[in-house]
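Undergrad: Be aware that the sequence shown starts at 591, since it is given in this note's numbering, and climbs by one per residue.
Pasting a structure below so you can have a look.
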Amino acid sequence: MSANDATSEFERKFYEKTKNCWSNRKDFFCQPKQYAWLEMDYDENGKTHHRPRETKLEAPIAKFISLICDINMMRQQMVEIGLAFFLHHNGSYLDIHHVYCNCYIFLLLLNRGYDVLKNIADVIGQSNRTLLEDLSSQFYTVIPHDFGFQKMCEFVIDTLPKLKRKIEMVEALGEIEVTTKLLEDNADIQEDPLYYQYEQLGCKLVPVEVSSQEFLMIENYMKNTHAKTHSGYAVDIVQVFRASRNGETERFQKFSDMSNRMLLWHGSRLTNWAGILSQEAPSTGYMFGKGVYFADMFSESAIYCYASSAAKNGVLLLWSGSHEVQNLTTFLLPLQVALGDMNELLSANSDADRLPSGKLSTKAVGAMAPDFKEAQILEDGIIVPLGNPKERPKHEGNLLHNEYIVYNVEQIRMRYVIQVEFNYEI
């Protein structure tokens, strides 16, 4: 085949797949059920991230920062969750800005992706296959996937589990964008890049002694609230950090005297943690509106670490806030959450973020919850629901465990970062 024949064949194929002429590609117009056009930047200048042999960070903190900022880990997890398209085309490094020309456009498209998923959530129970196919096509145009040679009809987002996975995927992509920017911004030219990246997080971490009462409280909270339904693995704490994010304590101050402040769990993929620690907690999910989701059962949040034999590391947090009254490493985050007067729901409601007057949060009421009589109250009035799980009598909802959703990030404050090890050989 001559060069002219090859060019003609390509242009014919391009029109067949897009219903646009190659010669007019600068004025490309997306046609229904046809391929879309995406601008790409194939920069060949690969980047090598170096680590110094020594760092001024304490060993536990240095190990943690190395873990959450590891490019190889991010590359592997992006492949696992279907985001291989956002890897650099030669696989040498990860840089999602090679797909979209600048951060503003990227964030704009992320928001558009969320909007399409919200539209899917609104119609997913209406048995309108044609509309779901069209909306799914819109989503995949905004958030490209690598389907190989499989047909698009096999990837229609037509069930709640599929929708949930896509929401989590967009969340992960947003957090990875923060992390890649953090890794790029002058880190390589620093004498101590690891310390520089820690400083860039804007989150002070202090190791908690194993012999301390804090550690014992967290360990009891974790063990007591590991649900029997989440069986097949055991969990051990590797290390715990006290966490204090810049400006968060001052922001939380107006909620510090509110009743119904609780220490709750939040879990997420390892790829997300540099973004979570350096910014506010991500608002995700549409089951009860777009907000920050927490649990009073450790294993309910541990699910969202997605630990596996291929991804051995992860993180969880304990946050504090206000409400009414095989060995795999991962992290959890216990957070202080100011729940205030809660709007209690028994089933999913994607508009739950439109709170009734006087309500500050949503509580999705589950059939099983920690026994409130066994809760521990800290010196600052924070309630730690570390009691053994107890079944709620005559429960009418379809949720197994409680979920707490806050829509104003000023109501939450990070307290602890917890690295744990999953053992699947029990």
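Even for Gly, the Cβ is constructed at its ideal location relative to N, Cα and C.
Since we're looking at a predicted model, the values are computed, not measured.
Write down the C-beta distance between R851 and Q926 rounded to the nearest angstrom, noting that I regard them as a contact closer than 8 angstroms.
TA: Walking along the sequence shown from the start, residue 851 turns up at place 261. Walking along the sequence shown from the start, residue 926 turns up at place 336. Going by Cβ atoms, the distance from R851 to Q926 rounds to 6 angstroms, so yes, they are a contact pair.
Undergrad: Which residue's Cα is closest to the Cα of T839: F831, I1002, V732?
TA: Looking up residue 839 in the sequence shown gives position 249. Comparing Cα positions, the closest option is I1002.
Undergrad: Hey, out of G948, H985, E964, whose CA is closest to A954's CA?
TA: As a working note, residue 954 is residue 364 in the sequence shown. Checking every option, the nearest Cα to that of A954 belongs to H985.
Undergrad: Does I747 come out as helix, strand or coil in the three-state DSSP assignment?
TA: Sequence index remark: in the sequence shown, residue 747 carries index 157 (1-based). Reduced to three states, the DSSP call for I747 is coil.
Undergrad: Going by CA-CA distance only, name the one from S849, V796, Y896, R832 that's closest to G971.
TA: For the purposes of this step, residue 971 is taken as residue 381 along the sequence shown, with counting starting at 1. G971 has its Cα closest to that of S849, out of S849, V796, Y896, R832.
Undergrad: Assign Y1014 to one of two classes, buried (16 or more other C-beta atoms within 10 Å of its C-beta) or exposed (fewer than that).
TA: Looking up residue 1014 in the sequence shown gives position 424. Y1014 should be labelled exposed.
Undergrad: I need the DSSP call for S947, collapsed to helix, strand or coil.
TA: On the sequence shown, residue 947 is found 357 positions in, with the first residue counted as 1. DSSP places S947 in coil when its eight states are reduced to three.
Undergrad: Which residues does DSSP list as the beta-bridge partners of V882?
TA: Taking the first residue of the sequence shown as position 1, residue 882 is located at position 292. Residue pairing for V882: DSSP places it in a beta bridge opposite V996.
Undergrad: Who are the Cβ neighbours of R719 in its own chain at under 8 angstroms, not counting the five residues just before and after it?
TA: As a working mapping, residue 719 is identified with position 129 in the sequence shown. Contacts found: V746, D748.
Undergrad: Can you list, in chain order, the residues of its chain with a C-beta nearer than 7 angstroms to that of N998? Leave out the 5 residues immediately preceding and following it.
TA: Position 408 of the sequence shown holds residue 998. Answer for N998: no residue qualifies.
Undergrad: What number of angstroms, rounded off, separates the C-alpha of D941 from the C-alpha of M877?
TA: Taking the first residue of the sequence shown as position 1, residue 941 is located at position 351. Taking the first residue of the sequence shown as position 1, residue 877 is located at position 287. Approximately 8 angstroms between the Cα atoms of the pair.
Undergrad: Who are the Cβ neighbours of E809 in its own chain at under 8 angstroms, not counting the five residues just before and after it?
TA: As a first step, residue 809 is located in the sequence shown; it is residue number 219 there, counting from the start. Taken in chain order, the residues that qualify are I827.
Undergrad: Tell me which residue opens and which closes the beta strand (DSSP E) that A959 is part of.
TA: Locating residue 959 in the sequence shown gives position 369, where the first residue counts as 1. Unbroken beta strand (DSSP E) run through A959: 958-960.
Undergrad: Would you tell me roughly how many angstroms separate the C-alpha atoms of P962 and L976, rounded to the nearest one?
TA: For the purposes of this step, residue 962 is identified with residue 372 of the sequence shown, where counting begins at 1. For the purposes of this step, residue 976 is identified with residue 386 of the sequence shown, where counting begins at 1. According to the sequence shown, residue 962 is Phe rather than Pro. The alpha-carbon atoms of F962 and L976 are separated by roughly 8 angstroms.
Undergrad: Using 8 angstroms as the cut-off, can you tell me whether the region 861-868 makes contact with the region 755-768, which would need three or more C-beta pairs spanning the two stretches below that distance?
TA: yes
Undergrad: Are Y994 and L906 close, meaning C-beta to C-beta below 7 angstroms?
TA: The residue given as residue 994 occupies position 404 in the sequence shown. The residue given as residue 906 occupies position 316 in the sequence shown. Result no, Cβ atoms of Y994 and L906 do not sit closer than 7 angstroms.
Undergrad: Helix, strand or coil: which one does DSSP assign to A928?
TA: The residue given as residue 928 occupies position 338 in the sequence shown. It is a strand residue.
Undergrad: What residue ranges within the region 789-876 form continuous beta strand (DSSP E) runs of no fewer than 3 residues, ordered along the chain?
TA: 793-797, 824-835, 851-858, all fully within the region 789-876.
Undergrad: Is L795 closer than 7 angstroms to F831 when the C-beta atoms are compared?
TA: Counting from one through the sequence shown, the residue named residue 831 turns up at place 241. Counting from one through the sequence shown, the residue named residue 795 turns up at place 205. Going by C-beta atoms, F831 is nearer than 7 angstroms to L795.
Undergrad: Do you know how far the Cα of C743 is from the Cα of K756?
TA: As a position in the sequence shown, residue 756 is number 166, starting the count at 1. As a position in the sequence shown, residue 743 is number 153, starting the count at 1. K756 and C743: Cα-Cα distance of roughly 16 angstroms.
Undergrad: From the DSSP output, in three-state form, read off M1004 for me.
TA: As a first step, residue 1004 is located in the sequence shown; it is residue number 414 there, counting from the start. DSSP places M1004 in strand when its eight states are reduced to three.
Undergrad: Within 10 angstroms of its Cβ, does V800 collect 16 or more other Cβ (buried), or is it exposed?
TA: Here residue 800 refers to the residue found at position 210 of the sequence shown. With fewer than 16 other Cβ atoms within 10 Å, it is exposed.
Undergrad: Please list the terminal residues of the continuous beta strand (DSSP E) segment that includes E981.
TA: Taking the sequence shown and counting its residues from 1, one reaches residue 981 at position 391. Under the DSSP assignment, E981 falls in the beta strand (DSSP E) whose first and last residues are 979-981.
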